[in-house]
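Chains as they are written, first to last, in our numbering: chain A, 1 to 420; chain F, 1001 to 1237.
Spelled out as structure tokens, the structure:
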């Protein structure tokens, strides 16, 4: 086997390792996150109990993923929405292209799943204009980069570079003053929300028994995206479904402190049906002030395979708070290069199932298996165990770094890794 | 050799951090411990093979080592390497039936001999911080014995990293990262050392891999030593 799989990742690592701007951006984010998270947790002592309950909820929910998906889909359909099931990324893109068509203006709020299925590229190829509206996603979209953190996708871009990017965008000098930068994005995106034909969001959790989607956010953009355009399409992984609203509310409590170090997010939208009214003669009409159409796509794309894998199914419990990334000693220096479409240790597992094991064959060799991610994870997911197992499978397929092969040969010949 | 303790040095202390092995042997002698080593024939516990995903080879190597130690009649192993400690206790128990010996990390062994050790310790005026090695702390749950030993040294001031014990940061050398991506490993060591508490004079760790990496990544004017080295120094060695 050629060592391209290893050398290309190594080059990417080196670009991150010695890019002072990216490292500065990351280290600012790490220190403000950890301080805020510690404070938030100190204010919410009961969360210790809640996060353990959420672990139990997820343990049982993923076992009935398929059943819950059917219940949620039925409820959504009963409430005049449309539910779809996409087995893989290709099926999901086809559903999107049929629903969106071409020549449309699309606004999006942050969704990792749309990243997973490469949705933006597909929509644009079909002649649609796509605007990311989450500030971080917006920044990297106009910079033509890839996200580097699941909650804070532009975590690696310091304010000075954001100012440069925005100056080019609006054709005037914008100062590296953070409130001013936020103002520029607000002004630029404001009319896009109302003029858009379609709004696309993900969902943080879904309650099966009512078919309710929960979208948790702070900026308020997801509210606009899911409310202003006439059509709302939501895509989410089937592992996000829990049985009841009560279960979903528990997840909603755990996410914000671990994701961004706040007690509760500014906005939690619960969406169960398209907008409707019966105010005139009790006649039900869809599309009052909100969207006339609601489409919900449930995506598998490797998740059922994960469930059938006794070691890896624990990865399905991940709520995507991203807390483990800020806490990962390796992510702190490698940022978005440490992973593939998802990042950090748990992201390596998710990338392996959703994009292919070979995509993380080299990145996994940068994990020290230190186990810190497991300690800071609200669900105590045993990432190091999964990493060791995946690494072992990759070695069986021939993905063994030269240095590690030499170490083995030395041990076999001389009884020690140095060959001395 | 049935009654003797086997001091298992581990490859790092045999070839890269010899002063750790020397310190441990001098401490064992000081405490009149009846011990032995396997010298040049020690071989490999299998840890680095397990951690780099070479499971089939790891099983082969560790099975051979287990059989060798069993046939020598070893009942008790002491090691200064948390990688060997974890592998010979957890992985061996996980993969093989009948592991006839118990394994202790040197910090546990010295802690269990604290009464004998106490008389030898002389005052040492120093501000030290203890770094929890991942294999010793998070993976084996040994957090307090090393701290207790450090605190036994009169006049030593034990500081803590902001994130310690199960939340401790990593030295960057574990899991085969040091060999696969040495630059990454070094940057992790440097970034962990940035969090040193103010006034730290000595960073004490209890793992040859951590020591080796911290010495390389040491961009501050602090000393990096391993726990047995610190204890030996306090004993006037």
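Each residue gets a CB set at the ideal place from its N, CA and C atoms; glycine is no exception.
Query raised in the report: Can you tell me whether DSSP reads residue 77 of chain A as helix, strand or coil?
Result: helix
Query raised in the report: Candidates F/1010, F/1022, F/1052 and F/1163: which alpha carbon is nearest residue 1233 of chain F's?
Result: With distances taken between Cα atoms, residue 1233 of chain F lies closest to F/1022.
Query raised in the report: Since residue 1057 of chain F meets chain A, which of its residues come closer than 8 Å, beta carbon to beta carbon?
Result: 408, 411 and 412
Query raised in the report: According to DSSP, is residue 482 of chain A helix, strand or coil?
Result: For chain A, the structure presents residues 1 to 420; residue 482 of chain A sits outside this window and is missing.
Query - Three-state secondary structure assigned by DSSP to residue 283 of chain A - result: coil
Requested in this report: Buried or exposed for residue 194 of chain A, please, with buried defined as at least 16 other CB atoms from any protein chain shown within 10 angstroms of its CB.
Outcome: By the neighbour-count criterion, in which 16 or more other beta carbons inside 10 Å mark a residue as buried, residue 194 of chain A falls on the exposed side.
Report task. Express the C-alpha separation of residue 149 of chain A and residue 335 of chain A in angstroms, rounding to a whole number. Result -> 8 Å
**Report entry** Environment of residue 86 of chain A [buried if 16+ CB atoms lie within 10 Å]
**Finding:** buried
Query raised in the report: So residue 1160 of chain F packs on residue 1197 of chain F, CB below 8 Å; how close in whole Å?
Result: 7 Å
Requested in this report: Flag this pair as touching only if the segment 1172-1186 of chain F and the segment 367-374 of chain A have three or more C-beta atom pairs under 8 Å; answer yes or no.
Outcome: yes
Query raised in the report: For the segment 378-393 of chain A, which residues have a beta carbon sitting closer than 9 Å to at least one beta carbon of chain F?
Result: 384, 387, 388, 389, 390, 391, 392 and 393
Query raised in the report: Between the segment 320-333 of chain A and the segment 1176-1192 of chain F, are three or more C-beta pairs nearer than 8 Å?
Result: yes
Query raised in the report: In the segment 210-232 of chain A, which residues sit with their C-beta less than 7 Å from some C-beta in chain F, listed in chain order?
Result: none
Query raised in the report: Are the C-beta atoms of residue 1002 of chain F and some chain A residue less than 8 Å apart?
Result: Confidence at residue 1002 of chain F is low in this model, with a pLDDT of 43, below 50, so the placement of that residue is unreliable and no value is reported for it.
Requested in this report: Please name the residues in the segment 332-362 of chain A whose beta-carbon is closer than 7 Å to at least one beta-carbon of chain F, in chain order.
Outcome: 332, 333 and 334
Query raised in the report: Within the 8 Å Cβ cut-off, does residue 421 of chain A reach chain F?
Result: Only positions 1 to 420 of chain A appear in the structure, and residue 421 of chain A is not among them; the question remains open.
Report task. Give the straight-line distance between the Cα atoms of residue 171 of chain A and residue 227 of chain A, rounded to the nearest whole angstrom. Result -> 30 Å
**Report entry** Cα-Cα separation between residue 308 of chain A and residue 157 of chain A, rounded to whole angstroms
**Finding:** Cα to Cα, the separation comes out at about 39 Å.
Query raised in the report: Quick one: does residue 37 of chain A have its CB under 8 Å from some CB of chain B?
Result: Reference to chain B is not applicable here, since the protein chains of this structure are A and F.
Query raised in the report: If you run the structure through DSSP and keep just helix, strand and coil, what is residue 209 of chain A?
Result: coil
Requested in this report: Determine the burial state of residue 1155 of chain F: buried for a count of at least 16 other Cβ atoms within 10 Å of its Cβ, exposed for fewer.
Outcome: When all chains shown are included, residue 1155 of chain F counts as exposed.
Query raised in the report: Do residue 1050 of chain F and residue 1058 of chain F come within 8 Å of each other at the CB atom, strictly closer than that value?
Result: Closer than 8 Å, so yes.
Requested in this report: Return the residue from the list A/26, A/235 and A/77 that minimises the CA-CA distance to residue 300 of chain A.
Outcome: A/235
Report task. Starting from residue 38 of chain A, trace the alpha helix (DSSP H) both ways and give me its first and last residue. Result -> If you look at residue 38 of chain A, you'll find it in the alpha helix (DSSP H) that goes 20-43.
Query raised in the report: Relative to the C-alpha of residue 1202 of chain F, which residue among F/1144, F/1162 and F/1124 is closest?
Result: F/1124
Requested in this report: Pick out whichever of A/394, A/232 and A/354 has its Cα sitting closest to the Cα of residue 88 of chain A.
Outcome: A/354
Requested in this report: Could you round the C-beta distance between residue 80 of chain A and residue 291 of chain A to whole angstroms and report it? I think they count as a contact, below 8 Å.
Outcome: Not quite, the Cβ-Cβ distance comes to about 11 Å (not below 8 Å), so this is no contact.
Report task. Evaluate residue 261 of chain A with the Cβ neighbour count: other Cβ atoms within 10 Å of its Cβ, from every protein chain shown; 16 or more gives buried, anything less gives exposed. Result -> buried
Query raised in the report: Who are the near neighbours of residue 1111 of chain F in its chain, counting only those whose CB is closer than 7 Å to its CB and skipping five residues on each side?
Result: 1145, 1148 and 1149
Query raised in the report: In whole angstroms, what is the alpha-carbon distance linking residue 1071 of chain F and residue 1009 of chain F?
Result: Taking the Cα positions, residue 1071 of chain F is about 19 Å away from residue 1009 of chain F.
**Report entry** chain A residues whose Cβ lies nearer than 8 Å to that of residue 1011 of chain F
**Finding:** 416, 417 and 418
Query raised in the report: Would residue 1094 of chain F count as contacting chain A if we go by Cβ distances under 8 Å?
Result: no
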